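K.L.:
If you're matching positions, the sequence shown starts at 93 in this note's numbering and goes up one per residue.
Think of the CB as a built atom: it goes at the ideal place given N, C-alpha and C, for glycine as much as any other residue.
As the structure is a computational prediction, the values presented were derived from the model and not from experiment.
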Amino acid sequence: TGYDVYVWINPAENCVKIETTNTLIKNGDDIPWRFETWRIMREKTYPCPNKLNIQISDKWESLQGILVDRESTETYNLRPKIDHITHRITCDVKLEANVKIVTLQSSTTLHNGTRMVLEIMTTNVKGHMTCSPQILDPGEDFHVPIIAAYHDIIYFRPEEKLGYNWSTEALFWQDLQLEKNLYTLCTCTAKDKALPSFYFQINSSPKGVRKNYPSIEIKFIPPLQLENLLPYSFKYAIIDKNTMQLHVDALRNGDIETIHTLNPNSLLTMHIEIPDTAVGSSFALVIPPDQQGGLDTHLGVTVKEGDGKFYLSKVVTFTPRFIVCNNSSEEVEVHTSGESSASLKPIVIVSKQSSPLLKLPTNNKANLEIRLRLKGFTNEMYELFKD
93 TGYDVYVWIN PAENCVKIET TNTLIKNGDD IPWRFETWRI MREKTYPCPN
143 KLNIQISDKW ESLQGILVDR ESTETYNLRP KIDHITHRIT CDVKLEANVK
193 IVTLQSSTTL HNGTRMVLEI MTTNVKGHMT CSPQILDPGE DFHVPIIAAY
243 HDIIYFRPEE KLGYNWSTEA LFWQDLQLEK NLYTLCTCTA KDKALPSFYF
293 QINSSPKGVR KNYPSIEIKF IPPLQLENLL PYSFKYAIID KNTMQLHVDA
343 LRNGDIETIH TLNPNSLLTM HIEIPDTAVG SSFALVIPPD QQGGLDTHLG
393 VTVKEGDGKF YLSKVVTFTP RFIVCNNSSE EVEVHTSGES SASLKPIVIV
443 SKQSSPLLKL PTNNKANLEI RLRLKGFTNE MYELFKD
């Protein structure tokens, strides 16, 4: 909530409680809580509702009878108004490993969907910082304090040691709850002018229909993500054709890499080399791939749009288009037919193993055929696939 909270319960009719005194929970802390002893729970033969009473700082009146019997997310109005604004608090109840977790929070949530540490700063309309920068680890949430969620502006950047300034764009809840969002892609410029800018995709999801008060989840995600589902590691280089910026790295099989220093709005050309495989020399593709020409490497490349209603972020996944699984007890040879197939050696797949087919002949005027032969048994070919 951004404030310390006092919590207590009142004994209900025909219900024996074990806690009736005010308990202080400091902002960001949590405490264990019981409504009844285990012996009372065992011997009780009638239902007894579990309700909490809370007092948030001294700015508002206490809230009475918050029901926490079932999983739910409820929003409560705080009285009296402050500067003619009725602020709200959200009570989230969920069950994890048979433990009921009750979270008191503001209605504005920031979620770090990247794989790096972020810093969050809130300022007033005059640009003065209203609280110290908050550190947000990957996968963590930060709930903006109740009053700040309505009045303040949000800035962000990668952790300070990376050498980037606060975001050029300022996030304000009224803009983020519009149907047409103004901050689909946000930029953090580098303090060193020789370094590229840092980009974040901002996805916002309204938690309810509340046009006059912030009720929103803001998610920071990388603008470009590479996922290697191939059985091989590969080296790659991505070139931004607009700025001629170059990004070079390697991606192990099964790994995921996020890239923040390339603008996904630009035309990106990706060169891939899979060393020590039958694929051999490198080849190129364009992100998105609908502009690429005919390649004789059958590599499945999919480009997904980001989550939410903003579609600038791209998730690029590399997979084999064809995988042959040998579930027999003998070795098999896989042959292909088509243009330039004479230069391709047959692939031998041992029993109970599988192999991807990446290097296949392509011919726009002829169909692709994949055939197999039981090694050592017969010279007859069996058609496996025909396109």
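#1: Would you call the stretch 185-193 and the stretch 217-230 in contact, with 3 or more CB pairs under 8 Å?
#2: At least one CB of chain B closer than 9 Å to the CB of T182: is that the case?
#3: By DSSP, does A282 sit in helix, in strand, or in coil?
#4: Rounded to the nearest angstrom, what separates I101 and K192 at their Cα positions?
#5: Which ranges does the alpha helix (DSSP H) cover as unbroken runs of at least 4 residues, wholly within the stretch 138-184, from first to last along the chain?
#6: May I ask you to report which of helix, strand or coil DSSP gives N366?
#7: When DSSP builds the beta bridges, which residues end up paired with P488?
#8: Let me check understanding here. Comparing Cα to Cα, which of Y168, L338, I174 lies closest to S289?
#9: Check this for me: beta carbons of D96 and S149, under 9 Å apart or not?
#10: May I ask you to list the residues that DSSP assigns as paired with H339?
#11: Run the CB neighbour count on Y168, radius 10 Å, all protein chains shown included, and call it buried at 16 or more, exposed below.
#12: Pull up the DSSP beta-bridge partners for P250, would you.
#13: Identify the residues that DSSP records as bridge partners of K218: which are they?
#14: I think C280 touches P250, with their Cβ atoms under 8 Å apart; what is that distance to the nearest whole Å?
#15: Where do the N-terminal and C-terminal ends of the alpha helix (DSSP H) with I123 fall, by residue?
#16: With 16 as the cutoff for other CB atoms within 10 Å, does Q445 come out buried or exposed?
#17: In the DSSP output, what is T93 paired with across the bridge?
#18: Mind checking H179: buried by the 16 CB within 10 Å criterion, or exposed?
#19: Return yes when the Cβ of L321 is within less than 9 Å of the Cβ of T350, no when it is not.
#20: Can you give the Cα-Cα distance for F234 and P323, rounded to whole angstroms?
#21: Determine the closest residue to D122 out of I308, N355, V194, with distance taken between C-alpha atoms.
#22: Tell me where the beta strand (DSSP E) around I238 begins and ends.
#23: Flag this pair as touching only if the stretch 205-222 and the stretch 356-367 have three or more C-beta atom pairs under 8 Å; answer yes or no.
#24: How big is the Cα-Cα spacing for I330 and L343?
#25: Since I212 contacts F248 with CB under 8 Å, what's their CB separation in whole angstroms?
#26: Which residues does DSSP list as the beta-bridge partners of L196?
#27: Which two residues bound the contiguous alpha helix (DSSP H) that contains L268?
#28: Cα separation between T115 and P306?
#29: So, with DSSP's three-state summary, where would you put V424?
#30: Give me, in chain order, the residues of the same chain whose beta-carbon lies closer than 6 Å to that of S164; leave out the 5 immediate sequence neighbours on both sides.
#31: Taking N320 as part of the beta strand (DSSP E), name the residues at either end of that continuous run.
#32: Can you tell me whether H352 is helix, strand or coil according to DSSP?
#33: Label K303 either buried or exposed according to how many other C-beta atoms from any shown protein chain fall within 10 Å of its C-beta, with 16 as the threshold for buried.
#34: According to DSSP, which residues form a beta bridge with D233?
#35: Drop a sphere of 10 angstroms on the beta-carbon of P314, count the other beta-carbons inside from all chains shown, and report buried for 16 or more, exposed for fewer.
P.N.:
The structure says:
#1: no
#2: In summary, chain B is missing from the structure at hand, where a single protein chain is found.
#3: strand
#4: 16 Å
#5: none
#6: The residue asked about is misnamed: residue 366 is Ile in this sequence, not Asn. Of the three classes helix, strand and coil, the one that applies to I366 here is coil, per DSSP.
#7: Limits of the chain in this structure are 93 at one end and 479 at the other, which puts residue 488 out of reach.
#8: L338
#9: yes
#10: I330
#11: exposed
#12: L210
#13: For K218, which the question treats as bridged, DSSP gives no partner whatsoever.
#14: 7 Å
#15: Run containing I123: none; DSSP gives neither H nor E here.
#16: exposed
#17: Beta-bridge pairing links T93 to no other residue.
#18: buried
#19: no
#20: 38 Å
#21: V194
#22: No beta strand (DSSP E) holds I238; the alpha helix (DSSP H) holding it covers 238-243.
#23: no
#24: 13 Å
#25: 5 Å
#26: C183
#27: 265-268
#28: 29 Å
#29: strand
#30: V185
#31: 316-320
#32: coil
#33: exposed
#34: H203
#35: buried
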